[in-house]
Ligand code: PMP
């Protein structure tokens, strides 16, 4: 008898729906479609030559080690490099606080496995990252959302949502995917205070922090949270170094990090997403449990990839590669963002609004309320242009008239053509609506 596979699937498959993003990514394979749909870095900035040289060196110097199984926590020199790199942004940690993951996507899955029971409520921004929703739906999470505006999460609406008792909050402070908005410093501080007051931890997802095209760098939530703890441990002005007697140490007399924030970042946007290399920074209790969960998932992240990345980042030439490479990425993406914003200004009807991201890969478009971005996608595809409809990023409904556009993948001339096509699609839809509204208007009898 042939197995009826549908009947063999676990119940959780009911909650794991296919992703609109994945379906759309298939479209980018067709060269005549200008896709603003995926979240892909520009292939032109991939450091292919640096990878070739680094791979050569790793295989020549440590070939057998690179091809062997390794520890679940990750390649120690790479973890140490990450600790040093993050210290530049004020994140104080030790290698024991760092777990290398196979992409941040795996970090989201691990944290879901660690923390979510069926029916648990999670608080996310609205809109939020679709990949996190996908990962956590598998654990039967439910979602409560707080909207973002141009300054990120609307913190003044947070307390009411926290009263519903979410297990944790998922926050994207920098150039949020999908909205492109950034959480202001004042709101970051308020958020940390509120999280502390209500005892609800935060997962801070920061894949784009390095990709800022204008304005000042803002401290990550994990840093503001650490400052909160320091203030508490050391009354202001007594000059004593911070020391928390309850914090575990790593045997070198160094206190491990504590606090309410788990921080995630990735090499996907600064080196290459095909590496599948990212990291979690968290209190040791979290890292140890994630390590156990990861063993069951993939034993460890690819040794070869970790060693090649380390060779690029810290090998022969010291730390010289990444800063210069990130400068290149910033200049290419800034130009593309500006090309998209200028084209929108030129080609989008007045009724359409959009965000002005200070960094990252995405911006967010809002159509008039009477239009449906999902229905319009079919028409857009007929005109060879694609986007992701906004409903996908709204776990508790809404967003029918919104969409996410990616500006990193296409060159400026293609961006301009694609935006012109989209502007035409929107313009026609608005005209159709207005014509229908005119037809529906009652014909007034002339009054004598
Ligand atoms: N979080 C966010 C907010 C993202 O935008 C992405 C990638 N699009 C990820 C996580 C996953 O990144 P990675 O390639 O490291 O798995």
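Residue numbers (the working numbering): 125 to 572. A virtual CB, placed ideally from N, CA and C, is assigned to each residue, including glycine. Just so it is clear, the structure is predicted and the values come from calculations on it, not from any experiment.
Per DSSP, the beta bridge partners of residue 510 are 159. Where residue 172 is concerned, the enclosing alpha helix (DSSP H) starts and stops at 172–190.
Within 10 angstroms of the beta-carbon of residue 229 lie 16 or more other beta-carbons, which makes it buried.
A distance criterion of 7 Å places the beta-carbon of residue 397 in contact range of the ligand PMP, judged by its closest non-hydrogen atom. When the alpha-carbon of residue 489 is set against those of 503, 511, 319, the nearest one is in 511. Going by beta carbons, residue 549 and residue 503 fall inside the 8 Å limit. Residue 255 has its CB nearer than 7 Å to a heavy atom of the ligand PMP.
Counting every other CB atom within 10 Å of its CB across the protein chains shown gives residue 435 a total of 16 or more, marking it as buried. Along the length of the segment 268–340, whole beta strand (DSSP E) runs at least 3 residues long occupy 293–295, 326–329, reported in chain order. When Cβ pairs closer than 8 Å are counted between the two stretches, the segment 465–481 is seen not to touch the segment 231–241, the count staying below three.
Secondary-structure assignment with DSSP links residue 217 through no beta bridge to anything. The criterion of a C-beta distance shorter than 8 Å is satisfied by residue 336 and residue 482.
The alpha-carbon of residue 283 is positioned some 44 Å away from that of residue 194. Here DSSP, grouped into helix, strand and coil, assigns residue 525 to coil.
Under the DSSP definition of a beta bridge, residue 386 partners with 327. About 14 Å separates the beta carbons of residue 491 and residue 479, which is beyond the 8 Å limit, so they are not a contact pair. Per the C-alpha coordinates, the member of 198, 189, 291, 357 positioned closest to residue 268 is 291. Boundaries around residue 548 are those of the alpha helix (DSSP H), 536–564, since no beta strand (DSSP E) includes it. When Cβ pairs closer than 8 Å are counted between the two stretches, the segment 421–439 is seen to touch the segment 216–230, the count reaching three or more. Nearest Cα to residue 539 within the set 125, 521, 160, 156: 160.
Within its own chain, the residues whose Cβ lies closer than 7 Å to the Cβ of residue 331, once the five positions on either side in sequence are excluded, are 228, 389, 390, 392, 393, listed in chain order. In the DSSP assignment, residue 248 falls outside any alpha helix (DSSP H) and within the unbroken beta strand (DSSP E) covering 245–250.
Exclusion of residue 483 from the 7 Å shell around the ligand PMP follows from its C-beta lying no nearer than that to any non-hydrogen atom of the ligand. In the structure shown, the three-state DSSP call for residue 439 is coil. In this structure, DSSP gives residue 531 a state outside helix and strand, which the three-state scheme calls coil. In the structure shown, residue 472 adopts coil according to DSSP, grouped into three states. DSSP, reduced to helix, strand and coil, places residue 259 within a helical segment of the structure shown.
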